[in-house]
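With the working numbering, letter number 291 in the sequence shown gets 293, and the count goes up by one each step, no holes.
No residue lacks a Cβ here, since even glycine has one placed at the ideal position from N, Cα and C.
So the structure is just underneath, and the comments pick up after that.
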Amino acid sequence: MYYSFLIIDYAALVILAVSMFVVDIQQSSYSQKLMSSICSWCCFITFGFCIRITNTTLESQLLGQKIVYLAFVHALFYLLLFVFDFCHKTLSPRIQMLIVMNNVIMSIIALFMDKHSLFYTATWIEQSGGVTVFKRTYGPFHTIYHIELILYLLAMLCLLFMNLAKHRRRRASVLLMSAILMPFVGYGIQRLINFPYDLIPVSFIISVIIIMELIYVEKIYNVNDIARDYIFASMDSAFIVTDGDYGYKGSNDLANMIFPELNSLMQDDNLYPISTSFRQIVNGNTTPINYGGRLYDPTVKKITSSKATIGIVVTLNDITSQTEYKALQDGYREELEAEVEKQTKYAEQRHQKVEQMSVQLVQTLANAIDAKDKYTNGHSSRVAEYSVRLATALGWDKESVDILRYEGLLHDIGKIGISDVILNKASTLSDDEFDILKDHVTIGGDIMHDASTLPGAENVIRYHHERYDGSGYPEGLKGEQIPLDARIVTIVDTFDAMSSNRIYRKALSRERIREEMLKGRGRQFDPKILDVFISLFDRGLIDDVAPRDNGWFDQQSS
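Structure, rendered in structure tokens:
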């Protein structure tokens, strides 16, 4: 029994350390910083239990108990802040300062518990069945300490029950509630059956496993938030975004002013029954909306994958100027002809800006896909730059080169519909998994099918895995049946894969890459285009684009 609980205590330390590492390597956010602090204090708590279970002297028992009491109150404070943030509530700075001051006072009293009788009036150890049992009688501050722990628990449970009552993130709320209750349940069971060993470390292991699941959920939301905030900050029109089931994902400030009900919504709330205006728009009512003396024209864009709707974007463009121009043109055509021409040009510029925002939207989604896996981070940007260098060497004009840059950036956008489990798998994919992965070209092509600003992007995305000899996918195109843009991206995409570190292997050497690329001449790659690319490679004209950690530059410096 002793060795079993000793192993459990040290296992808790290892799991907590891994949890801190998992949080720290993610994209930084306030929630994840709080999680990291919680795991740090939980490490101290478990360390205190390890001291108690591995030592038999009274001094060691007191030292372990000091560490536990000192860390426990701070862990609960950060857990309280996390629950407030999770429920989208704010704990006022004054109350935070009072709690911190109280925690400092309780920590000092606990730290010197062997020097006074405020916490323990007496302490001693006994041997029971070969087990060292720490005995004590309690002072007034021990009672106060436990009352504060109960207040922490009640405050967090009240917040989570309120969250559940409003149908907000139910699964995550229940998980968090379970993680909070687990240490208290372990402590209660231990006191109830008078067990000689502390059960709290066992409870901590269960809590940490639950919290690690929450960490994964928070990571996904963090990537979505970064992409959404970047897009919305660049736009003048009003935008509302939901998932395919009308679960609210976000809106910009203008949309919040036009639809005040959006201000009280939380992530994933069902917008359809809440907002009458939104419901009318998605049902086909495109009557312009009057707000603040200006008219806004609503449009609905549905994002689909495999014929299923996975997202809805409602856009409201300001058409006030266009409406006013038409009225003026009807009444004062001759007198205001010059003004109409000027305002028409302004309207065209606004339309162009909206089209540019569409490109930014897809570009940001592509960056979000790259950010999901650190081993492919930056891949899309490098493919875009390699494509530009190669097209320039082929003599393309600037406009065509600029379009190809965007096509290269978006070539893997279809991976948004592929499971993270498959994208991040370290071992060889099974045949079924590889078939699923190959679907990313079809998903990406469908996403970009209606992108009027980049009409060639669909061909690059759909056909960049075709092979020159006709053995590629998805359609087995051969030779010049493959669009020229796709033949270029095929070469640079393969090159970047070989020259980058991946989860399953290190980057290949320059000599090996050159050998493998030439093996594909006329089989995988267009031979004429490949010859130009090899010339750029041999002259070092693309080295500055390659990842700095692929080992090439270490070899050059040595």
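Distance, residue j Cα to residue i Cα
i, j, result
"Asp498", "Ile47", "47 Å"
"Lys2", "Val494", "Here the chain covers residues 3 to 560 and nothing more, so residue 2 does not appear."
"Val187", "Ser205", "8 Å"
"Leu297", "Thr244", "23 Å"
"Ala509", "Ala428", "15 Å"
"Asn272", "Ser308", "23 Å"
"Glu477", "Ile242", "37 Å"
"Thr444", "His413", "11 Å"
"Glu517", "Gly481", "22 Å"
"Ile291", "Gln345", "21 Å"
"Cys45", "Leu161", "26 Å"
"Gly294", "Pro262", "13 Å"
"Ile305", "Glu215", "28 Å"
"Ser501", "Gln34", "33 Å"
"Leu183", "Leu155", "8 Å"
"Gly286", "Gly419", "27 Å"
"Ile101", "Met108", "10 Å"
"Ile55", "Phe114", "21 Å"
"His381", "Thr366", "14 Å"
"Asn224", "Leu166", "For Asn224, the predicted model reports a pLDDT of 49, less than 50, meaning its position is unreliable; a value from the coordinates is still stated below. Distance between the alpha carbons of Asn224 and Leu166 is about 22 Å."
"Asn57", "Asp434", "54 Å"
Coil, strand or helix - residue i by DSSP
i, result
"Phe136", "strand"
"Gly190", "helix"
"Ile505", "coil"
"Ala124", "strand"
"Gly249", "strand"
"Thr145", "helix"
"Phe114", "coil"
"Phe261", "coil"
"Gln526", "coil"
"Val547", "coil"
"Thr59", "coil"
"Thr244", "strand"
Same chain only: Cβ atoms within 6 Å of residue i, ignoring 5 sequence neighbours per side
i, result
"Gly410", "Val385, Ala386, Ser389 and Val491"
"His451", "Glu460"
"Ser39", "Tyr80"
"Tyr408", "Leu456"
"Gly190", "none"
Nearest neighbour of residue i, chosen from the options [CA to CA]
i, options, result
"Trp126", "Ala157, Thr59, Ile418 and Ser38", "Thr59"
"Gly246", "Thr288, Ile312, Arg193 and Asp255", "Ile312"
"Thr289", "Glu263, Leu318, Asp270 and Ser308", "Leu318"
"Ser62", "Asp116, Tyr80, Phe86 and Ser38", "Asp116"
"Ala240", "Tyr189, Leu267 and Pro300", "Pro300"
"Phe86", "Ser175, Val106 and Gly446", "Ser175"
"Val534", "Arg391, Tyr71, Gly249 and Ser180", "Arg391"
"Ile211", "Leu153, Cys41 and Tyr506", "Cys41"
"Ser383", "Ile283, Ala548 and Ile449", "Ala548"
"Thr278", "Asp270, Gly294, Gln269 and Ile260", "Ile260"
"Leu65", "Ala77, His76 and Cys52", "Cys52"
"Thr139", "Leu120, Ile195 and Ser537", "Leu120"
"Tyr122", "Pro185, Tyr147, Met99 and Leu100", "Tyr147"
"Asn258", "Tyr248, Asp270 and Phe280", "Phe280"
"Leu486", "Gly474, Phe527 and Arg512", "Phe527"
"Arg172", "Asp270, Ile110 and Met103", "Asp270"
"Asp320", "Leu256, Glu343, Ala310 and Lys347", "Leu256"
"Asp448", "Ile405, Ala310 and Asp399", "Ala310"
"Phe539", "Arg512, Arg525, Asp551 and Lys521", "Arg512"
"Gly458", "Glu401, Ser253, Glu343 and Leu178", "Glu401"
"Lys91", "Ser537, Ile195 and Met158", "Met158"
"Ile208", "Asn254, Leu194, Ile195 and Ser180", "Ser180"
Other residues of its chain near residue i: CB distance less than 7 Å, five sequence neighbours each side excluded
i, result
"Ala488", "Asn461, Val462, Tyr465, His466 and Glu468"
"Leu83", "Leu36 and Leu93"
"Leu532", "Ile493, Met519 and Arg523"
"His76", "Trp43 and Asn105"
"Val302", "Ile283, Val284, Ile314 and Val316"
"Ala112", "Lys68, Tyr71, Leu72 and Phe121"
Spatial neighbours of residue i in its chain, beta-carbon cut-off 8 Å, leaving aside the 5 residues before and after
i, result
"Val403", "Val390, Ala393 and Thr394"
"Leu267", "Tyr250, Leu273 and Ile276"
"Met164", "Cys89"
"Thr430", "Tyr506"
Beta carbon proximity, residue i to chain D, threshold 9 Å
i, result
"Glu460", "No chain D is present in this structure, which holds just one protein chain."
Which runs of the alpha helix (DSSP H), 4 residues or longer, sit entirely within the region 411-499? Runs of the alpha helix (DSSP H) lying entirely within the region 411-499 and spanning at least 4 residues, in chain order: 422-425, 433-440, 442-449 and 459-465.
Quick one: complete beta strand (DSSP E) runs, 3+ long, within the region 264-337? You should have 291-293, 296-307 and 310-320.
Start-end ranges of the alpha helix (DSSP H) lying completely within the region 150-177, minimum 4 residues: Counting only runs that start and end inside the region 150-177, there is no alpha helix (DSSP H) element of at least 4 residues.
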